[in-house]
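The next block holds one structure in the form of structure tokens; read it before the comments.
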Amino acid sequence: MSLLMALRRLARVRFGELSRRTAAAAAGTLSSGGGLSGSRSFTAGTRTLRSDKVTINFINRDGEKITVKGSPGDSLLDVVINEDLDFDGFGACEGTLACSTCHLIFDEEVYKKLGRVTDEELDMLDLAYGLTETSRLGCQVCLTKSLEGIVARVPESVTDIRQSKDESA
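The opening position of the sequence shown corresponds to residue 1 in full-length UniProt numbering, with each subsequent residue numbered one higher.
See the structure below:
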């Protein structure tokens, strides 16, 4: 795992701890010493986090449907990485908008929910293999509750300059 990915995961964990502590302070469950009081319910926080998850259905290059859950605010690339999905070459630039390896294809009605496409994303999509009218880069699509149950199809092949030849065969 690269250093950048490790730092992203660490930041996400630290932010989660801060959010829980802030919520506990607002609810009055922090003791005056800064620690948690004995009256805090650990199960309530877990249920809340699980219910906030959004279900995503990926169709991989073999046509297999893979259903996973992601947190609102995460990009689809984050979900692929966090769930350790094995899509060859996917996310080569680690979400820096410098490639098109996280190219995904959506149904028309889902595509309309995804928000505006930036000029930078369009430039990278021009390099994508199998580009369609409903193509987006997974690193640029952030999850919201309104995207519950979406289907994202991974194209048959990927343009990845790290590979010496096309692996679509």
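The beta-carbon is built from N, C-alpha and C at its ideal position, and this holds for glycine as well.
For residue i and residue j, which I take to be in contact (beta-carbon distance under 8 Å), what is that distance rounded to the nearest angstrom?
i, j, result
"Gly138", "Leu76", "4 Å"
Give the secondary structure of residue i by DSSP, where H, G and I count as helix, E and B as strand, and everything else as coil.
i, result
"Val154", "coil"
"Ser146", "helix"
"Val110", "helix"
"Gly70", "strand"
"Leu125", "helix"
"Arg21", "In this prediction, Arg21 scores a pLDDT of 47, lower than 50, which makes its location untrustworthy; no coordinate-derived value is stated."
"Asp88", "coil"
Please classify residue i as buried or exposed, where buried requires at least 16 other C-beta atoms within 10 Å of its C-beta.
i, result
"Thr48", "Reliability of the predicted coordinates at Thr48 is poor, the pLDDT of 42 falling under 50, and the value obtained from them is presented with this limitation in mind. It is exposed - the Cβ of Thr48 has fewer than 16 other Cβ atoms within 10 Å."
"Leu143", "buried"
"Arg78", "Reading off the sequence shown, one finds Asp at residue 78, where the question assumed Arg. Buried, by the Cβ-count rule."
"Leu147", "buried"
"residue 187", "Residue 187 falls outside the range modelled here, since the chain spans only 1 to 169, and no answer is possible."
"Leu122", "exposed"
"Pro155", "buried"
"Thr55", "exposed"
"Arg136", "buried"
"Ala98", "exposed"
"Gly35", "Caution is warranted here: a pLDDT of 47 is assigned to Gly35, below 50, making its placement in the model unreliable, and no coordinate value can be reported."
Between which two residues does the alpha helix (DSSP H) carrying residue i extend?
i, result
"Val79", "Leu76 to Asn82"
I'd like the span of the beta strand (DSSP E) that includes residue i, first residue to last.
i, result
"Ser100", "Segment: none, Ser100 is in no beta strand (DSSP E) and carries neither H nor E."
"Leu137", "Ser135 to Leu137"
Based on the DSSP output, what are the partners of residue i in its beta bridges?
i, result
"Lys65", "Ile59"
"Val54", "Gly70"
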